[in-house]
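Read through the structure below, which is laid out as structure tokens, and then see the notes.
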Amino acid sequence: GQQVMQIPQYQHVQEGEDFTTYCNSSTTLSNIQWYKQRPGGHPVFLIQLVKSGEVKKQKRLTFQFGEAKKNSSLHITATQTTDVGTYFCAGRSTGAGSYQLTFGKGTKLSVIP
Amino acid sequence: EAGVAQSPRYKIIEKRQSVAFWCNPISGHATLYWYQQILGQGPKLLIQFQNNGVVDDSQLPKDRFSAERLKGVDSTLKIQPAKLEDSAVYLCASSVTGTSFSADTQYFGPGTRLTVL
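Listed in order, the protein sequences are those of chains F and W.
To convert a position in the first sequence, counted from 1, into my numbering, add 264.
To convert a position in the second sequence, counted from 1, into my numbering, add 77.
Structural data, given as structure tokens:
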């Protein structure tokens, strides 16, 4: 079955440093979504990428979808304490009836003030 | 707009007991999902409903788990009998439709934290 891998599993950064998490799929994806889960909270949708090579920005967050649509990344510039949480990518594979989103294990971000 | 509601928020049971979770999706959302999130892992889809029909239940342990979405609105997820490895947070999510790329943002409820002793 489809597998979605994320690295690193944990990342500790000093406030103001940059942060990047990477997502790799074992199969070609039709689209990929990113979610953020604060400690004790539930996943909250951040963004969806659909096109090969797509890049989207949300303030300090930059999301990329690989040309082969098998990998993606989330980059945060100048982290703040409010960025603390676990970031998940979730991919949907190509093919008819492929509605299931497969989540990665997430990257847990800690920001040291 | 009200979010996805779930109850109870916490449940502690002993193994071999039964438990049920309830979910009320965002009004007008056709698709409802149940996920299991074990500590330190990402959510794993258990079952997906489109209105009151099942779209995907390939990862649902059907010997002990069951779910229904009567009338295409609320849903219940049941575990009978529970095992120790069922300890997890059970998340319900809904989306406008699960088949349209542009409209399938999933909105998650607060989850039910299940502890099986």
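Idealized CB from N, CA, C, for every residue including glycine.
Residues in its own chain within less than 6 Å of residue i by CB, not counting five upstream and five downstream?
i                : result
Val166 (chain W) : Gln114, Gly188 and Arg190
Ser104 (chain W) : none
Ser294 (chain F) : Arg356 and Thr358
Ile271 (chain F) : Tyr286
Gln267 (chain F) : Ser290
Would you identify the three-state DSSP class for residue i, choosing helix, strand or coil?
i                : result
Lys155 (chain W) : strand
Leu147 (chain W) : helix
Leu161 (chain W) : helix
Ile133 (chain W) : Going by the sequence as given, residue 133 (chain W) is Asp instead of Ile. Note: Asp133 (chain W) maps to strand in three-state DSSP.
Thr291 (chain F) : coil
Thr182 (chain W) : coil
Leu122 (chain W) : strand
Counting only beta-carbon separations shorter than 9 Å, does residue i have a partner in chain W?
i                : result
Lys373 (chain F) : Inspection of the sequence shows that residue 373 (chain F) is occupied by Leu rather than by Lys. False, the Cβ-Cβ gap to chain W never drops below 9 Å.
His276 (chain F) : no
Leu365 (chain F) : yes
His306 (chain F) : yes
Lys369 (chain F) : yes
Ala332 (chain F) : no
Phe283 (chain F) : no
Give me, in chain order, the residues of the same chain whose beta-carbon lies closer than 8 Å to that of residue i; leave out the 5 immediate sequence neighbours on both sides.
i                : result
Lys92 (chain W)  : Pro158, Ala159, Lys160, Leu161, Val193 and Leu194
Ser109 (chain W) : The question names Ser, but residue 109 (chain W) is Leu in the sequence shown. Cys100, Pro102, Gln125, Phe126, Arg146, Ser152, Cys169, Ala170 and Ser171.
Thr292 (chain F) : Ala332, Lys333, Lys334, Ser357 and Thr358
Arg86 (chain W)  : Pro187, Gly188, Thr189 and Arg190
Applying the 10 Å Cβ sphere with the 16-neighbour rule, what's the burial state of residue i?
i                : result
Arg302 (chain F) : exposed
Gly119 (chain W) : buried
Ile262 (chain F) : With chain F covering only 265 through 377, there is no way to say anything about residue 262 (chain F).
Tyr184 (chain W) : buried
Tyr274 (chain F) : exposed
Val319 (chain F) : exposed
Any Cβ of chain F within less than 9 Å of the Cβ of residue i?
i                : result
Gly186 (chain W) : yes
Pro120 (chain W) : yes
Thr192 (chain W) : no
Ser135 (chain W) : yes
Please go through the same chain and pick out, in chain order, the residues whose beta-carbon is closer than 7 Å to the beta-carbon of residue i, but skip the five residues on each side of it.
i                : result
Asn288 (chain F) : Met269, Lys334 and Asn335
Item to check | beta strand (DSSP E) segments (min. 3 residues) lying fully within the segment 332-370 of chain F | outcome: If one requires a minimum length of 3 residues, the beta strand (DSSP E) runs lying completely within the segment 332-370 of chain F are 335-340, 349-357 and 365-367, in chain order.
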